[in-house]
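Participant: What follows is a structure written as structure tokens; I'll ask about it next.
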Amino acid sequence: MHNRLVRGVMIVILLGVLAGCGDQRILEKQGFIYSVGYDWLSKGKSAEGSAPGNKVKKDQLSVTVWLPVVSAESGRQHPLILQTVASTGKEGRFRLAKQTELSLASGQMRTALFNLQLASKGIMPYLDGFMRDPAVSQRLKIVVVEGTANEMLKKEYPSHMNTGPYIDHLLEKEVMNNRVPESTLYSFMRDYMDDGVDPVAPIIKQHGTHIEASGIALFDGDRYISRIDSDHSLIFAFLKGSFKYGEINIDFAVQERKGEKAMFSSLAGNSKVKIKTLPGERLYRADINIKIHGVLLEYLGDLQLNMESDKERLEKAIAAHINNEAESMVKELQKLGVDSIGIGKHVRNSLSYKEWKNMDWKAVYQNMDIRCETKVTIKSVGKFEK
Numbered sequence: 050m051h052n053r054l055v056r057g058v059m060i061v062i063l064l065g066v067l068a069g070c071g072d073q074r075i076l077e078k079q080g081f082i083y084s085v086g087y088d089w090l091s092k093g094k095s096a097e098g099s100a101p102g103n104k105v106k107k108d109q110l111s112v113t114v115w116l117p118v119v120s121a122e123s124g125r126q127h128p129l130i131l132q133t134v135a136s137t138g139k140e141g142r143f144r145l146a147k148q149t150e151l152s153l154a155s156g157q158m159r160t161a162l163f164n165l166q167l168a169s170k171g172i173m174p175y176l177d178g179f180m181r182d183p184a185v186s187q188r189l190k191i192v193v194v195e196g197t198a199n200e201m202l203k204k205e206y207p208s209h210m211n212t213g214p215y216i217d218h219l220l221e222k223e224v225m226n227n228r229v230p231e232s233t234l235y236s237f238m239r240d241y242m243d244d245g246v247d248p249v250a251p252i253i254k255q256h257g258t259h260i261e262a263s264g265i266a267l268f269d270g271d272r273y274i275s276r277i278d279s280d281h282s283l284i285f286a287f288l289k290g291s292f293k294y295g296e297i298n299i300d301f302a303v304q305e306r307k308g309e310k311a312m313f314s315s316l317a318g319n320s321k322v323k324i325k326t327l328p329g330e331r332l333y334r335a336d337i338n339i340k341i342h343g344v345l346l347e348y349l350g351d352l353q354l355n356m357e358s359d360k361e362r363l364e365k366a367i368a369a370h371i372n373n374e375a376e377s378m379v380k381e382l383q384k385l386g387v388d389s390i391g392i393g394k395h396v397r398n399s400l401s402y403k404e405w406k407n408m409d410w411k412a413v414y415q416n417m418d419i420r421c422e423t424k425v426t427i428k429s430v431g432k433f434e435k
């Protein structure tokens, strides 16, 4: 009995070892895509890296993937970049697979890059493909690129040897600092399906020897419409909801206070939206109440900040500056017809289902009275304090 038990245990262990070896051999043949890039190729254009005379005969798609591979000889990791031209994303994936001995896998994919031209035509066909692939994570980052995704992925950056992780980590840092909004496959699809808000995504670009976040892409459905430059991205964060970190430089010249400047940091706060029903053509009014508190890092001006009265004057001046910027941004969003900050969700919550469905929300939104009210509290003025 004892011998049978020992033999049984040994067989189980042996099977486990053999199974592990089998998995290892399969793993070595996998090519885990880290980043994928899509570029629009107009008829008569050549794909980047192709022969000058090799022009596409119809509008097509350029698909590029970046993946890390380990050399069998040296054991060192190096990037593998594949590119092809296709009519669809799935066809592109099929063509890419024929260029390598590895089996391409999507389970480790972190970023999906779309150039501006393609994004303006709509990205839902590609997102739909991701949603249908159970290996693709809902945390996949959706990103818009100035220039081409192919050029961004294949370029070597001296301080960052691995472009895929470089882009991924850059976006995580910029999201944490509220310089761009977080846009994942899950959040983009959620907002796309929600009739009370429009999706947004970060915009990145090459700048010399590095990559930087350059703004926020505004979408109408799945089509890129316009952008908010990075200088105003924190204002967008104020309007969007709660925020935990950020910093802003303020020049008070627009308030006829020449030479007066302030650097406001460690910003945190929230915004709340109240909807009021109105008579007449403007059926509703939205009041956005923004509350911000932070630390004054630097101040250039005549105020004596160790005096409470002067500190309050500066708080009001900062609040007025942010309020003007916020209201200008809201008006621009209304003009574009995109509800990127989600005013529609608040209006919908104040109505019955039937009332909301019978409403032409886009028309109502563009003519709606939306006001901002900002309150700023300076928690610390540093060396200016007593």
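The sequence shown begins at 50 in the working numbering and counts up by one.
We treat Cβ as the ideally placed atom computed from N, Cα and C, and that holds for glycine.
For clarity, every value in this text was computed on a predicted model and none was experimentally measured.
(1) Mind checking who I277 pairs with in its DSSP beta bridge?
(2) Can you tell me where the beta strand (DSSP E) holding F81 begins and where it ends?
(3) For I367 versus A311, is the C-beta distance shorter than 8 Å?
(4) According to DSSP, is Q73 helix, strand or coil?
(5) Could you give the first and the last residue of the continuous alpha helix (DSSP H) run that contains V413?
(6) What would DSSP say about P128, mapped onto helix, strand or coil?
(7) Going by the beta-carbon positions, is the gap between V322 and S282 smaller than 8 Å?
(8) Does DSSP put I260 in a helix, a strand or coil?
(9) State the beta-bridge partners of K424 as determined by DSSP.
(10) Give the range of the beta strand (DSSP E) segment to which D88 is assigned.
(11) Applying the criterion that 16 or more other CB atoms from any shown protein chain within 10 Å of the CB defines a buried residue, is K190 buried or exposed?
(12) How long is the line joining the alpha carbons of K204 and T212, rounded to whole angstroms?
(13) Spell out a yes or no on whether the stretch 335-345 and the stretch 229-244 are touching, meaning 3 or more CB-CB pairs, one atom from each, closer than 8 Å.
(14) Whole angstroms is fine: what's the gap from V114's alpha carbon to Y87's?
(15) Just list the beta strand (DSSP E) runs in the stretch 191-264, keeping only unbroken ones of 3 residues or longer that don't cross its boundaries, in chain order.
(16) State buried or exposed for F143, treating a residue as buried only when at least 16 other CB atoms are found within 10 Å of its CB.
(17) So, A135 versus V192, is the Cβ gap smaller than 8 Å?
(18) In three-state terms, what does DSSP make of A286?
(19) Is the beta carbon of Y273 closer than 8 Å to that of A161?
(20) Pick out whichever of L131, M173, L129, S91 has its Cα sitting closest to the Cα of Q166.
(21) Would you report the Cα separation of R74 and Q415, rounded to the nearest angstrom?
(22) Leaving aside the five residues before and after H209 along the sequence, list all residues of the same chain whose C-beta is less than 7 Å from its C-beta, in chain order.
(23) Report the partner residues of M312 according to the DSSP bridge assignment.
(24) For A100, which residues from the same chain have a beta carbon less than 6 Å from its beta carbon, with the 5 sequence-adjacent residues on both sides left out?
(25) Note the first and the last residue of the continuous alpha helix (DSSP H) segment covering P174.
(26) Excluding five sequence neighbours on each side, which residues of the same chain lie with their C-beta closer than 6 Å to the C-beta of V85?
(27) Going by C-alpha to C-alpha distance, which of L234, T197, R276 sits closest to K384?
(28) Tell me, which residues are paired with A135 by DSSP?
(29) In the structure shown, what three-state DSSP assignment does A100 receive?
(30) Measuring only the C-alpha atoms, how far is Y294 from G318?
(31) So, under 8 Å CB-CB, S389 and L267 are touching, yes? Tell me the CB distance rounded to an integer number of Å.
Facilitator: According to the data block:
(1) Partner residues in the beta bridge of I277, as assigned by DSSP, are I265.
(2) The continuous beta strand (DSSP E) containing F81 extends over residues 79-81.
(3) With respect to the 8 Å criterion, I367 and A311 are classified as neighbours on the basis of their beta carbons.
(4) Because the pLDDT of Q73 is 49, which lies under 50, any placement of that residue in the model is unreliable, and the number read from its coordinates should be weighed accordingly. Three-state DSSP puts Q73 in a helix.
(5) 410-415 is the extent of the alpha helix (DSSP H) around V413.
(6) For P128, the three-state secondary structure derived from DSSP is strand.
(7) Not closer than 8 Å, so no.
(8) Three-state DSSP puts I260 in a strand.
(9) Partner residues in the beta bridge of K424, as assigned by DSSP, are K340.
(10) 84-90 is the span of the beta strand (DSSP E), which, as asked, contains D88.
(11) Looking at its Cβ environment, which holds 16 or more other Cβ atoms inside 10 Å, K190 is buried.
(12) Answer to the nearest angstrom: the Cα atoms are 8 Å apart.
(13) Contact between the stretch 335-345 and the stretch 229-244 is absent, because fewer than three Cβ pairs lie under 8 Å.
(14) Going from the Cα of V114 to the Cα of Y87 covers about 9 Å.
(15) Taking only runs of at least 3 residues, the beta strand (DSSP E) segments lying wholly in the stretch 191-264 are 249-256.
(16) Classification for F143: exposed.
(17) Against a cut-off of 8 Å, the Cβ pair of V192 and A135 comes out as no contact.
(18) Three-state result, A286: helix.
(19) Going by C-beta atoms, A161 is not nearer than 8 Å to Y273.
(20) Looking only at L131, M173, L129, S91, the smallest Cα-Cα distance to Q166 is reached by S91.
(21) Residue placement at R74 is poorly supported in this model, since its pLDDT is 43, which falls under 50; the coordinates are not used for a value here.
(22) Sequence-distant Cβ neighbours of H209 in its own chain, meaning closer than 7 Å and more than five residues away, are Y215.
(23) BP columns for M312 point to N298, E347.
(24) Bear in mind that a pLDDT of 45 at A100, under 50, signals an unreliable position, so the model cannot answer this.
(25) Start and end: 173-181.
(26) The residues are V114, A161.
(27) Minimum Cα distance to K384 is reached at R276.
(28) Bridge partners of A135: L110.
(29) Low per-residue confidence applies at A100: pLDDT is 45, beneath 50, and the placement is therefore not dependable, though the value from the model is reported in the following sentence. A100 falls in the coil class under three-state DSSP.
(30) Between the alpha carbons of Y294 and G318 lies a gap of roughly 9 Å.
(31) The Cβ separation is near 5 Å, so the contact holds.
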